[in-house]
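Engineer:
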Amino acid sequence: MSKEVKAWAATSPEKIEPSKITRRAPDDEDVAIDIKFAGICHSDIHTVRSEWENTEYPLVVGHEIAGVVSAVGKNVTKFKVGDRVGVGCMVNSCRKCDNCKEGEEQYCPNMVETYNAKDPKDGTITQGGYSQYVVVDQAFVLNIPQRLPLDKAAPLLCAGITVFSPLNHWKAGPGKRVGVIGLGGLGHVAVKIAKALEADVTVFSQTDSKKELALQFGADAYVATSDPKAFDKIGRKFDIILNTVSAKIPTEKYLSCLRRDGSLIQVGVPPEPIEIQPFSLLPQRNSIHGTLIGGIAETQKMLDLCAEKQIFPEIEVVPASYINEAYDRVVKSQVKFRFVIDASTI
Amino acid sequence: MSKQVKAWAATSPGKTEPITLTRRAPDDEDVAIDIKYAGICHSDIHTIRNEWRETTFPLVVGHEIAGVVSAVGKNVTKFKVGDRVGVGCMVNSCRQCQNCHDGEEQYCTSNLVLTYNSKDPKDGTITQGGYSQYIVVDQAFVLSVPESIPLDKAAPLMCAGITMYSPLNHWNAGPGKRVGIIGFGGLGHMGVKLANEPDAFTKLERKFDIIINTVSAEIPLDLYLSCLRRDGTLIQVGAPSDQLRISPHSLYIHRIGVHGSMIGGIAETQKMLDLCGEKLIFPEIETIPASYINEAYERVMKSQVQFRFVIDISTM
Numbered sequence: 001m002s003k004e005v006k007a008w009a010a011t012s013p014e015k016i017e018p019s020k021i022t023r024r025a026p027d028d029e030d031v032a033i034d035i036k037f038a039g040i041c042h043s044d045i046h047t048v049r050s051e052w053e054n055t056e057y058p059l060v061v062g063h064e065i066a067g068v069v070s071a072v073g074k075n076v077t078k079f080k081v082g083d084r085v086g087v088g089c090m091v092n093s094c095r096k097c098d099n100c101k102e103g104e105e106q107y108c109p110n111m112v113e114t115y116n117a118k119d120p121k122d123g124t125i126t127q128g129g130y131s132q133y134v135v136v137d138q139a140f141v142l143n144i145p146q147r148l149p150l151d152k153a154a155p156l157l158c159a160g161i162t163v164f165s166p167l168n169h170w171k172a173g174p175g176k177r178v179g180v181i182g183l184g185g186l187g188h189v190a191v192k193i194a195k196a197l198e199a200d201v202t203v204f205s206q207t208d209s210k211k212e213l214a215l216q217f218g219a220d221a222y223v224a225t226s227d228p229k230a231f232d233k234i235g236r237k238f239d240i241i242l243n244t245v246s247a248k249i250p251t252e253k254y255l256s257c258l259r260r261d262g263s264l265i266q267v268g269v270p271p272e273p274i275e276i277q278p279f280s281l282l283p284q285r286n287s288i289h290g291t292l293i294g295g296i297a298e299t300q301k302m303l304d305l306c307a308e309k310q311i312f313p314e315i316e317v318v319p320a321s322y323i324n325e326a327y328d329r330v331v332k333s334q335v336k337f338r339f340v341i342d343a344s345t346i
Numbered sequence: 001m002s003k004q005v006k007a008w009a010a011t012s013p014g015k016t017e018p019i020t021l022t023r024r025a026p027d028d029e030d031v032a033i034d035i036k037y038a039g040i041c042h043s044d045i046h047t048i049r050n051e052w053r054e055t056t057f058p059l060v061v062g063h064e065i066a067g068v069v070s071a072v073g074k075n076v077t078k079f080k081v082g083d084r085v086g087v088g089c090m091v092n093s094c095r096q097c098q099n100c101h102d103g104e105e106q107y108c109t110s111n112l113v114l115t116y117n118s119k120d121p122k123d124g125t126i127t128q129g130g131y132s133q134y135i136v137v138d139q140a141f142v143l144s145v146p147e148s149i150p151l152d153k154a155a156p157l158m159c160a161g162i163t164m165y166s167p168l169n170h171w172n173a174g175p176g177k178r179v180g181i182i183g184f185g186g187l188g189h190m191g192v193k194l195a196n197e198p199d200a201f202t203k204l205e206r207k208f209d210i211i212i213n214t215v216s217a218e219i220p221l222d223l224y225l226s227c228l229r230r231d232g233t234l235i236q237v238g239a240p241s242d243q244l245r246i247s248p249h250s251l252y253i254h255r256i257g258v259h260g261s262m263i264g265g266i267a268e269t270q271k272m273l274d275l276c277g278e279k280l281i282f283p284e285i286e287t288i289p290a291s292y293i294n295e296a297y298e299r300v301m302k303s304q305v306q307f308r309f310v311i312d313i314s315t316m
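Residue numbers (the UniProt record's numbering), protein chains in the order written: chain A, 1 to 346; chain B, 1 to 316.
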């Protein structure tokens, strides 16, 4: 049965407000989920404010979804009613290309995003998690382990996997030195996960204001980059540097901190092109890479790691009525460190 | 015995002319080489025009050196008089850092000594390159040129050859891998021969594992990045003075990377020479007298050479 449910939708770039949406009837592969919590990701804001591609209004955003299974299609084997589950940034992909077959669905040319994408199942535009209920194909539903509270699990579905994937792919671990630029929604989770992977972690942030928190999260060192001499003493030390900020950074200075074959990995999505002198890549065969969320299997691995090591994001739970104000605070970096909407207030 | 020999030096930015050069007396580790051929590399031109960093004039450039051993120091075991040898872009390194230990001397973190325009730790002078009749180099930085490679054709391999070989080797170019090469000049044509995959890029689709950019001019980088498969990489080997501009979307969409790569280690250079000797892979060269150097530079700048100039040292 298709279902009409409450949601909060962007009706224009300026505003999110209460609304109703119709969710499709679950098919044989679908999992129907009662949403408990929905994290607010900066991508939601970019989309609502029409800063990226064409946004189809009205649109329900939200791709950090945590909830409980309320029904399953008859071919669903991985989940049953009552299971604690999550949904991240993707709800489908082609399943046939090399990327899909290799568990890297996020790189599928036909990957279907959780919101603002054309849903191949019914031809509608996908509507995200700021809602009471969602229906998702079992292949794109994650299991949330018991030891992970649902409100804390929500941000892991995007922020968590977005930083876990490069740390995993570039083999952060014992003996590896990881730099994290920015201590916000992505950055603070990166520090916690990198430490859980037993890497040595340094946080780069503009001023000393976040130093205490960085150290609390487990960082081994902290560099305040507004100090003009900040980079002088570092030397070629890092294997990976994750850039989580979406503002402009002194890219060449960070490249100069990389060991031979070290990489600067762009995690955030800055609006401007990255500009570098080619010479800054040559002397130690360094690179700049991009990365996009993570595959489903990898996301499950990340959730299991977080449950095992009790790694949680720092969250502020808010009622749905607070969304517009929360957006303003996210844009001003005034949240420690991720807002999570209590879906029962929707 | 130190030795005075003929050379061609840049005496001021842009101008190369005949001079006399003093080479140090070989020490116990040194190999003395009668140079037969010296390739002209675009780096030579950037240097004598002072386009990169502080060039100390007068300067003899040239880091694509092929010749014959004329004397060896008493600790030299790898070479003997009469051996056919080459010297590339480096003449020394610290030998102690991790990179040196790993055979990646070109990435030495404390003291990479370039073949020209670097401070030579052996005698404190500024290193002078291969546009000369004779040179003295530590045995650890001398390469053996296989018999099957003529010396004139070996010269460009010492820089162009290894510069292309190293990324192809490091990124495992081989059966099943698709390599794109941007630019079909001195570096590019060597890359094609080494990768053995002519005309690999006819349609713009995501098909390449690596794309090596050899051009020193600005190119539409994002377009090339869109041709890479997941985890593919664009490898910058040219050294343009312009910035690279990369849109973040081009990178995250398929976990793409943009890498730099610089020449290759000594062991790797020898491996490249042995491969070229075995498969008879030679650069396309135009041999010229020393008196033609300045004109050759002009033609390199206009990409009017197929594909590498090599100076016949006997004309000095």
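C-beta: ideal position from N, C-alpha, C; glycine also.
According to DSSP, which residues form a beta bridge with phenylalanine 184 of chain B?
Structural biologist: As a working note, residue 184 of chain B is residue 184 in the second sequence. Note: phenylalanine 184 of chain B sits in no beta bridge, so no partner.
Engineer: With H, G and I counted as helix, E and B as strand and the rest as coil, what does DSSP make of glutamate 51 of chain A?
Structural biologist: By one-based count along the first sequence, residue 51 of chain A stands at place 51. Looking at glutamate 51 of chain A - three-state DSSP - the assignment turns out to be coil, as it is neither helix nor strand.
Engineer: Taking 7 Å as the limit between beta carbons, can you name the residues of its chain near lysine 195 of chain A, skipping five residues before and five after?
Structural biologist: In the first sequence, residue 195 of chain A corresponds to position 195, counting from 1. Excluding sequence neighbours, lysine 195 of chain A sits near Val201 and Gly218.
Engineer: Taking only the alpha-carbon atoms, compute the straight-line gap between residue 350 of chain A and arginine 285 of chain A and give it to the nearest angstrom.
Structural biologist: Residue 350 of chain A is absent from the model: chain A starts at 1 and stops at 346.
Engineer: What residues from the stretch 158 to 174 of chain A come within 8 Å of chain B, judged by C-beta to C-beta, listed N to C?
Structural biologist: Answer in chain order: His169.
Engineer: Under 8 Å by Cβ, that's how I've got aspartate 151 of chain A and valine 335 of chain A pegged, so tell me the actual separation to the nearest angstrom.
Structural biologist: Within the first sequence, residue 151 of chain A is the residue found at index 151, counting from 1. Within the first sequence, residue 335 of chain A is the residue found at index 335, counting from 1. With a Cβ gap of about 15 Å, aspartate 151 of chain A and valine 335 of chain A do not count as contacting.
Engineer: Considering just the uninterrupted stretch of the beta strand (DSSP E) at threonine 251 of chain A, what are its terminal residues?
Structural biologist: By one-based count along the first sequence, residue 251 of chain A stands at place 251. Run containing threonine 251 of chain A: none in the beta strand (DSSP E); it sits in the alpha helix (DSSP H), 251 to 255.
Engineer: Considering only their Cβ atoms, is the gap separating glutamine 133 of chain B from aspartate 30 of chain B smaller than 8 Å?
Structural biologist: Position 30 of the second sequence, counting from 1, holds the residue named residue 30 of chain B. Position 133 of the second sequence, counting from 1, holds the residue named residue 133 of chain B. Cβ atoms of aspartate 30 of chain B and glutamine 133 of chain B: not closer than 8 Å.
Engineer: Give a yes or no on whether 8 Å exceeds the smallest Cβ distance from valine 269 of chain A to chain B.
Structural biologist: Taking the first sequence and counting its residues from 1, the one referred to as residue 269 of chain A is at position 269. Judged by the 8 Å Cβ criterion, valine 269 of chain A is in contact with chain B.
Engineer: Looking at C-alpha atoms only, which residue of A:Ala9, A:Glu198, A:Ala190 and A:Gly179 is the closest neighbour of asparagine 116 of chain A?
Structural biologist: Mapped onto the first sequence, residue 116 of chain A falls at position 116. Nearest of A:Ala9, A:Glu198, A:Ala190 and A:Gly179 to asparagine 116 of chain A, Cα basis: A:Ala9.
Engineer: Beta-carbon within less than 8 Å of proline 198 of chain B's beta-carbon, same chain only, minus the 5 sequence neighbours each way: which residues are those?
Structural biologist: Here residue 198 of chain B is taken as the residue at index 198 of the second sequence, counted from 1. Note that proline 198 of chain B scores 39 on pLDDT, short of 50, meaning its location in the model is unreliable and no value can be drawn from it.
Engineer: Can you name the start and end residues of the alpha helix (DSSP H) that glutamine 266 of chain A belongs to?
Structural biologist: Against the first sequence, residue 266 of chain A aligns to sequence position 266. Careful: glutamine 266 of chain A lies outside any alpha helix (DSSP H), inside the beta strand (DSSP E) at 258 to 266.
Engineer: Spell out the partners DSSP gives glutamate 286 of chain B in its beta bridges.
Structural biologist: Taking the second sequence and counting its residues from 1, the one referred to as residue 286 of chain B is at position 286. BP columns for glutamate 286 of chain B point to B:Phe309.
Engineer: Would you mind sorting histidine 101 of chain B into buried or exposed? The rule is 16 or more other CB atoms within 10 Å of its CB.
Structural biologist: Numbered from 1 along the second sequence, position 101 holds the residue referred to as residue 101 of chain B. Exposed, because fewer than 16 other Cβ atoms sit within 10 Å of the Cβ of histidine 101 of chain B.
Engineer: What residues of chain A sit near histidine 254 of chain B, judged by a beta carbon separation below 7 Å?
Structural biologist: Working through the second sequence from its first residue, we reach residue 254 of chain B at position 254. What histidine 254 of chain B touches in chain A: Tyr107.
Engineer: For leucine 167 of chain A, which option in A:Asp44, A:Lys3, A:Asn110 and A:Glu298 has the closest C-alpha, if you only look at C-alpha atoms?
Structural biologist: Along the first sequence, one-based indexing puts residue 167 of chain A at 167. Among A:Asp44, A:Lys3, A:Asn110 and A:Glu298, the Cα nearest to that of leucine 167 of chain A belongs to A:Glu298.
Engineer: Rounded to whole angstroms, what is the Cα-Cα separation between leucine 157 of chain B and arginine 338 of chain A?
Structural biologist: As a working mapping, residue 157 of chain B is identified with position 157 in the second sequence. As a working mapping, residue 338 of chain A is identified with position 338 in the first sequence. C-alpha separation (whole angstroms): 55 Å.
Engineer: Could you work out which residues of chain A lie near tyrosine 224 of chain B, taking near to mean beta carbons separated by less than 8 Å?
Structural biologist: In the second sequence, the residue the question calls residue 224 of chain B occupies position 224. Neighbours of tyrosine 224 of chain B on chain A: none; closest Cβ ~14 Å, over 8 Å.
Engineer: With isoleucine 346 of chain A and serine 131 of chain A assumed to form a contact (beta carbons below 8 Å), what rounded beta-carbon distance in angstroms separates them?
Structural biologist: The residue labelled residue 346 of chain A in the question sits at position 346 within the first sequence. The residue labelled residue 131 of chain A in the question sits at position 131 within the first sequence. Contact flag correct, Cβ pair sits at about 7 Å.
Engineer: Could you have a look at serine 43 of chain A and say whether DSSP puts it in helix, strand or coil?
Structural biologist: Reading the first sequence from its first residue, position 43 is the one you call residue 43 of chain A. Helix, per DSSP.
Engineer: Are there 16 or more other CB atoms within 10 angstroms of the CB of alanine 217 of chain B, so buried, or fewer, so exposed?
Structural biologist: The residue labelled residue 217 of chain B in the question sits at position 217 within the second sequence. When all chains shown are included, alanine 217 of chain B counts as exposed.
Engineer: How would you write the range of the beta strand (DSSP E) that glycine 67 of chain A sits in, first residue to last?
Structural biologist: Numbered from its first residue, the first sequence carries residue 67 of chain A at position 67. From DSSP, the beta strand (DSSP E) with glycine 67 of chain A extends over 65 to 72.
Engineer: What is the DSSP secondary structure of phenylalanine 312 of chain A, counted as helix, strand or coil?
Structural biologist: Position 312 of the first sequence, counted from the first residue, corresponds to residue 312 of chain A. Three-state DSSP puts phenylalanine 312 of chain A in coil, outside helix and strand.
Engineer: Which same chain residues, not among the five before or five after glycine 73 of chain A, have their C-beta less than 8 Å away from its C-beta?
Structural biologist: Taking the first sequence and counting its residues from 1, the one referred to as residue 73 of chain A is at position 73. Hits under 8 Å: Pro26, Asp27, Asp28, Glu29, Asp30, Val31 and Gln138.
Engineer: Note down, in chain order, each residue of its chain lying with its Cβ closer than 6 Å to the Cβ of valine 135 of chain A, except the 5 sequence neighbours on either side.
Structural biologist: Here residue 135 of chain A corresponds to residue number 135 of the first sequence, with the count starting at 1. These residues qualify, in order along the chain: Arg23, Arg24, Pro26, Asp30 and Ala32.
Engineer: Look at tyrosine 252 of chain B and leucine 292 of chain A and say whether their C-beta atoms are less than 8 Å apart.
Structural biologist: On the second sequence, position 252 is the one that residue 252 of chain B refers to. On the first sequence, position 292 is the one that residue 292 of chain A refers to. Yes; because the gap between Cβ atoms is below 8 Å, this pair is in contact.
Engineer: Taking beta-carbon pairs under 7 Å, can you tell me which members of the stretch 96 to 115 of chain B lie near chain A?
Structural biologist: Of all residues in the stretch 96 to 115 of chain B, Asn99, Glu104, Tyr107 and Thr109 have a Cβ within less than 7 Å of some Cβ in chain A.
Engineer: Helix, strand or coil for lysine 101 of chain A? Go by DSSP, reduced to three states.
Structural biologist: By one-based count along the first sequence, residue 101 of chain A stands at place 101. Residue state, collapsed to three classes: helix.
Engineer: Quick one: list the residues of chain A neighbouring valine 300 of chain B, beta-carbon separation under 9 Å, in chain order.
Structural biologist: Taking the first residue of the second sequence as position 1, residue 300 of chain B is located at position 300. The contacting residues do not exist; valine 300 of chain B stays about 19 Å from chain A at best.
Engineer: From what residue to what residue does the beta strand (DSSP E) around lysine 135 of chain B run?
Structural biologist: On the second sequence, position 135 is the one that residue 135 of chain B refers to. Looking at the sequence provided, one finds isoleucine at residue 135 of chain B rather than lysine. Start and end: 134 to 138.
Engineer: Is DSSP giving valine 191 of chain A helix, strand or coil here?
Structural biologist: The residue you call residue 191 of chain A lines up with position 191 of the first sequence. DSSP places valine 191 of chain A in helix when its eight states are reduced to three.
Engineer: Could you tell me which chain A residues have their CB closer than 7 Å to the CB of serine 247 of chain B, listed as they occur along the chain?
Structural biologist: Position 247 of the second sequence, counted from the first residue, corresponds to residue 247 of chain B. Those are Pro273, listed as they occur along chain A.
Engineer: Which runs of the beta strand (DSSP E) spanning at least 3 residues fall entirely within the stretch 89 to 135 of chain A, listed in chain order?
Structural biologist: 90 to 92, all fully within the stretch 89 to 135 of chain A.
Engineer: Applying a beta-carbon distance threshold of less than 9 Å, which residues of chain A neighbour threonine 233 of chain B?
Structural biologist: Residue numbering aside, residue 233 of chain B sits at position 233 when the second sequence is read from its first letter. Residues of chain A passing the Cβ test: Ser287 and His289.
Engineer: Alpha carbon to alpha carbon, what distance is there between arginine 178 of chain B and tryptophan 52 of chain A?
Structural biologist: By one-based count along the first sequence, residue 52 of chain A stands at place 52. By one-based count along the second sequence, residue 178 of chain B stands at place 178. Computed Cα separation, rounded: 33 Å.
Engineer: Among residues of its own chain, excluding the 5 on either side of asparagine 117 of chain B, which ones have a beta-carbon nearer than 7 Å to its beta-carbon?
Structural biologist: For the purposes of this step, residue 117 of chain B is taken as the residue at position 117 of the second sequence. For asparagine 117 of chain B, where only same-chain residues beyond five positions count, the Cβ hits under 7 Å are Thr47, Thr55, Thr56, Leu59, Ile126 and Thr127.
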